[in-house]
Amino acid sequence: MNEKKEWYLEYQIHQNRPGLMGDISSTLGMLSINIITINGVENQRRAFLLQCDDDQKIVLMEKLLKQISNITVTALREPTLIDRMAIRHGRYISRDCSDRKTFRFCREDLGLLVDFLGEICKRDGHQLIGVRGMPRVGKTESIIAASVNANKRWNLISSTILRQTARTSLAENELSADYIYIIDGIVTCLRANEAHQTLVRDLMRMNYTKIIEHPDIFVRETEYQWDDFDYIIEIRNTPDEEIRYDLITTGFNSFDIS
764 MNEKKEWYLE
774 YQIHQNRPGL
784 MGDISSTLGM
794 LSINIITING
804 VENQRRAFLL
814 QCDDDQKIVL
824 MEKLLKQISN
834 ITVTALREPT
844 LIDRMAIRHG
854 RYISRDCSDR
864 KTFRFCREDL
874 GLLVDFLGEI
884 CKRDGHQLIG
894 VRGMPRVGKT
904 ESIIAASVNA
914 NKRWNLISST
924 ILRQTARTSL
934 AENELSADYI
944 YIIDGIVTCL
954 RANEAHQTLV
964 RDLMRMNYTK
974 IIEHPDIFVR
984 ETEYQWDDFD
994 YIIEIRNTPD
1004 EEIRYDLITT
1014 GFNSFDIS
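Laid out in C-alpha cells, this is it:
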C-alpha cells in the first residue's frame, strides 16, 4: 500500500448553490480521498486539507472538479505552512510582493502570528528570523508565546521587556536546540558592552533558532545582511503604519524600544 500524502485543495466559488459542498464531498468520497479539514477563506474561497494514497486519484479529482461550473480550482498541491495557516484560521497571511520571505501582520492578528511563528520554531537547526515593528506592538510577547506554542524554552539574550537585559554568558545547559534565543538588535548593537556582543557573535554561529527584534539595526551595525535571514516578520498597529528606524543612531538612547 502506498503511503498516504496530504494535499491542499482550494477553489473559488462563483455561485454558492445548494448542494455544491455535497457534490464535491461525494466526488472525493467516490475516489476514497479523505477530507481532514475544511474551512472557508477570504474572497469566496474554500480550502481543504486532503489525504490520499494514490496520486492518480488526485489527478482524476482535479479533472472532475473542473467540470463543475460553479467553481474554479485555484490551488492543488502538497500543503505549505502558509496553506495550513489559511485552513486553520480562515484567512491568508499577507506577504511582501517583492520579498517572499517577508510576512506582514497587524496587532489584531497576533493569534495567527503566534501560530505561524510557533510552527517555524518547531523546526530544529539554524534559523534566523527578524521581527520588525514600532514600540509596544507586541513583538517580544508574540515571540515568547510562539516559543511556548512550539514547546520550546525562550531565552532573552537582550531585551527591554521587563528591564534592559544584556546577557554576557550562558550556562552549558542553556545551549540547546530546545531554546529559542531572542536578541534585541538595538540593545545588542547600541547599548551593550563588548562581553555581550561577543556572546551574540558566538551564538549566531551556533546551529539554533535565533529571533532578532529590530533587525534593521542589527543589519546596519553588524556584518549580517538581509539575505542571512530565513524569515522577516513585520507587525503593525494598523495596515498603513510605517515602520521607521531612521531616527536611531549610534548612542541615541531616548528612542522607546519597548
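Its first residue numbered 764, the sequence shown is counted upward by one per residue in my numbering.
Think of the CB as a built atom: it goes at the ideal place given N, C-alpha and C, for glycine as much as any other residue.
Sequence-distant residues of the same chain with beta carbon closer than 8 Å to residue i, five excluded per side
i       : result
Ile776  : Leu783, Gln807, Arg808, Arg809, Asn833, Ile834
Glu841  : Lys768, Glu769, Trp770, Tyr771
Met897  : Arg999, Asn1000, Glu1004, Ile1006, Arg1007
Ser857  : Phe866, Arg867, Phe868
Ser1021 : Unreliable positioning characterises Ser1021 in this predicted model, as indicated by a pLDDT of 43, which lies under 50. A coordinate reading is not provided.
Leu962  : Ile920, Arg930, Thr931, Ser932, Leu933
Ile991  : Reading the sequence as shown, one finds Asp at residue 991 and not Ile. Leu891, listed in sequence order.
Lys864  : Phe992, Asp993, Tyr994, Ile995
Nearest to residue i (by Cα), restricted to the options the options
i      : options                        : result
Leu880 : Asp862, Lys915, Pro1002        : Lys915
Glu805 : Met967, Arg870, Ala849, Ile980 : Ala849
Leu953 : Gly792, Tyr994, Val982, Met967 : Val982
Val877 : Arg886, Asp818, Asn912, Lys864 : Asn912
Ile943 : Arg886, Thr843, Ile801, Gly792 : Arg886
Residue i and residue j closer than 8 Å at C-beta
i      : j      : result
Met884 : Thr985 : One detail in the question is off: residue 884 reads as Cys in this sequence, not Met. Not in contact: Cys884 and Thr985 (Cβ atoms no closer than 8 Å).
Gly901 : Leu873 : yes
Ile906 : Ile946 : no
Ser795 : Lys820 : yes
Glu773 : Thr837 : yes
Own chain, CB closer than 6 Å to residue i, minus 5 neighbours either side, in chain order
i      : result
Thr790 : Leu827
Asp846 : Tyr771
Thr951 : Ser921, Val963
Ile799 : Leu812, Gln814
According to DSSP, residues forming a beta bridge with residue i
i      : result
Gln775 : Arg808, Thr835
Tyr944 : Asn918, Lys973
Gly803 : Arg809
Glu769 : Gln814
Glu997 : Arg867, Arg895
Ile906 : According to DSSP, Ile906 bridges with nothing at all.
Cβ shell of residue i (< 7 Å), same chain only, five flanking positions each side left out
i       : result
Asp1009 : none
Asp817  : Asn765
Thr928  : Leu919, Ser921, Ser922
Contact between the segment 884-896 and the segment 972-991 is defined here as three or more beta-carbon pairs at a separation below 8 Å; is this criterion met? yes
Tell me, please, whether the segment 931-941 touches the segment 846-858 by the rule of three or more beta-carbon pairs shorter than 8 Å. no
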